[in-house]
Structures are given as structure tokens and as C-alpha cells.
Amino acid sequence: MLLAHGASLKQRTGKGALALQGPLHHAFQSGNADLVKWLIDEYRTANLTIREVDSEERYPIHCASTPEVVDCWVNAGGMLKVRDKQGNTPLHALVTHANINVVKRLVEHEANVKKKNKAGLLPIEQLCLDEKAWLSGTSDGSCESDKVRLEVLQFLQGFM
Numbered sequence: 006m007l008l009a010h011g012a013s014l015k016q017r018t019g020k021g022a023l024a025l026q027g028p029l030h031h032a033f034q035s036g037n038a039d040l041v042k043w044l045i046d047e048y049r050t051a052n053l054t055i056r057e058v059d060s061e062e063r064y065p066i067h068c069a070s071t072p073e074v075v076d077c078w079v080n081a082g083g084m085l086k087v088r089d090k091q092g093n094t095p096l097h098a099l100v101t102h103a104n105i106n107v108v109k110r111l112v113e114h115e116a117n118v119k120k121k122n123k124a125g126l127l128p129i130e131q132l133c134l135d136e137k138a139w140l141s142g143t144s145d146g147s148c149e150s151d152k153v154r155l156e157v158l159q160f161l162q163g164f165m
């Protein structure tokens, strides 16, 4: 409906953490696979690439919040080798969100668990670094997120 009324797929919104992201980034964050599929089709119809980056050079896959949108990315030809400004792969970015199902889906699609970012960190080390920040009081501290972080950590340790 918005596109029919002149909205643009090239529109960027947000400041700070949102880093001038496009519609695909927001759709991936929402976890709505139907919306992601529809937008991918719209991008193709408009002859635009789904491999757009935000101002931090993150691709939409860096923002995935459900396994289903990870599947959408891969099925549309998106690669899991992409990196942001810090050299983070989608796995680096998404282990810190502590969603075990997304992490497992990335690995099922052959995301490289042994790829280092520009800081020399593996995804599992990125999770531990973020865990250290959590211990210093800069995280939400919920018991549920602790449980999921531990589950992600144990899952990734199986590949080391």
C-alpha cells in the first residue's frame, strides 16, 4: 500500500543504533517472513539488490530475528559471508542477540563459526565479550536471556 502511494524502497530511516536502515533491515528485525519475502520480490521488481547495507555496512541478514527470515535471505541468494564495518559476519552479530534458533539456522546454512572479525574475534568470543559487558551491568540481566546465552555458547562450543 505504501509503495502504491509513492513510498520508496530506497528510503532510509533511523539514527544511532538504527544506522540509517532500509525497509529490508526493518523487515528482518521484525522477523515477519511474509513481509521479507514480499519486500524481496518488490526489490527484484524494482531491479534493486537485496544486498543493501546500512550506514554501519550491515546487511539485512545481520538484523535477522527469526530462523524463517534467515531462510528467506539464503533462498533469495543472499550470502552468509557478508561483513559489516567491523568485519562481523551475520553470526558475529546475531550471537549477541542470544537467539539460539537463529544461530542454529545460520550454522545449518553453513555460516562459518571459525571466521574472525577485524578485532580478531570468533563469533563465540564475541558472545563472551558481550557476556563480560553483561556481567558489568550493561545488559538486561534477565534470567531467560542468561539461559539462552548459555545455550548459544554451548552450541557454538561444539564446533571448536
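Residues in the sequence shown are numbered from 6 upward in steps of one, following the working numbering.
Even glycine gets a Cβ: it sits at the ideal position worked out from N, Cα and C.
All figures in this text were calculated on a predicted structure; none of them were measured in a lab.
Problem - Chain-order list of residues whose beta-carbon lies under 8 Å from that of Thr143 (same chain, five-residue window excluded) - result: Locating residue 143 in the sequence shown gives position 138, where the first residue counts as 1. Its pLDDT being 49, under 50, Thr143 is placed unreliably in this model, and the coordinates cannot settle the point.
Handout entry: Distance, Lys123 Cα to Val87 Cα
Key = As a first step, residue 87 is located in the sequence shown; it is residue number 82 there, counting from the start. As a first step, residue 123 is located in the sequence shown; it is residue number 118 there, counting from the start. Looking at the two C-alpha atoms, the distance is approximately 13 Å.
Practice task
Identify every residue that forms a DSSP beta bridge with Gln34.
Solution key: Reading the sequence shown from its first residue, position 29 is the one you call residue 34. According to DSSP, which records beta bridges pairwise, Gln34 is partnered with nothing at all.
Exercise for the section: Report, in whole angstroms, the separation of the C-beta atoms of Ile105 and Glu156, which I expect to be a contact under 8 Å. Expected result: Translated into positions along the sequence shown, residue 105 becomes position 100. Translated into positions along the sequence shown, residue 156 becomes position 151. Indeed, because the Cβ distance is near 5 Å, the residues count as touching under 8 Å.
Problem - Gln91, DSSP secondary structure in three states - result: Reading the sequence shown from its first residue, position 86 is the one you call residue 91. If DSSP states are grouped into helix, strand and coil, Gln91 belongs with coil.
Problem - Ranges of the beta strand (DSSP E) found wholly within the stretch 44-116, counting only runs of at least 3 - result: none
Practice task
Counting only the same chain and skipping the five closest in sequence on each side, list residues whose C-beta sits under 7 Å from that of Ile45.
Solution key: If you number the sequence shown from 1, residue 45 lands on position 40. Sequence-distant partners of Ile45 (beyond 5 residues in either direction) whose C-beta falls short of 7 Å from its own C-beta, in its chain, are Ile55, Cys77, Ala81.
Practice task
Grab me the residues of Val108's own chain with a C-beta within less than 8 Å of its C-beta, minus the 5 sequence neighbours each way, in chain order.
Solution key: Reading the sequence shown from its first residue, position 103 is the one you call residue 108. Closer than 8 Å at Cβ, skipping near neighbours: Leu96, Leu99, Val100, Val157, Phe160, Leu161.
Problem - Check whether Ser70 and Gln26 have beta carbons under 8 Å apart - result: Along the sequence shown, one-based indexing puts residue 70 at 65. Along the sequence shown, one-based indexing puts residue 26 at 21. No; because the gap between Cβ atoms is not below 8 Å, this pair is not in contact.
Exercise for the section: Using alpha carbons as the reference points, say which of Gly36, Arg63, Arg154, Glu47 lies closest to Lys90. Expected result: In the sequence shown, the residue the question calls residue 90 occupies position 85. Checked all of Gly36, Arg63, Arg154, Glu47; the closest Cα to Lys90 is Arg63.
Problem - Span separating the alpha-carbon of Arg154 from that of Leu132 - result: On the sequence shown, position 149 is the one that residue 154 refers to. On the sequence shown, position 127 is the one that residue 132 refers to. Within the model, the alpha-carbon separation for Arg154 versus Leu132 is close to 8 Å.
Practice task
Drop a sphere of 10 angstroms on the beta-carbon of Asp59, count the other beta-carbons inside from all chains shown, and report buried for 16 or more, exposed for fewer.
Solution key: Taking the first residue of the sequence shown as position 1, residue 59 is located at position 54. Buried, since its Cβ has 16 or more Cβ neighbours within 10 Å.
Exercise for the section: Might you give, ordered along the chain, the residues of its own chain that have their beta carbon closer than 6 Å to the beta carbon of Val79, omitting 5 neighbours on each side? Expected result: Walking along the sequence shown from the start, residue 79 turns up at place 74. Excluding positions up to five away in sequence, the list reads His114.
Practice task
Return the chain-ordered list of same chain residues with a C-beta closer than 6 Å to the C-beta of Lys120, the five sequence neighbours on each side being excluded.
Solution key: Here residue 120 is taken as the residue at index 115 of the sequence shown, counted from 1. Only Thr94 meet the Cβ criterion.
Exercise for the section: State the DSSP-derived secondary structure class of Val153, mapped to helix, strand or coil. Expected result: Working through the sequence shown from its first residue, we reach residue 153 at position 148. Of the three classes helix, strand and coil, the one that applies to Val153 here is helix, per DSSP.
Practice task
Using only alpha-carbon positions, find the residue among Ala116, Ala38, Pro28, Leu111 that is nearest to Leu210.
Solution key: Only positions 6 to 165 of the chain appear in this structure, which leaves residue 210 out of reach.
Handout entry: C-alpha distance - Ala38 paired with Pro128, whole-angstrom precision
Key = The count along the sequence shown starts at 1 and reaches residue 38 at position 33. The count along the sequence shown starts at 1 and reaches residue 128 at position 123. Approximately 25 Å, taken between the alpha carbons.
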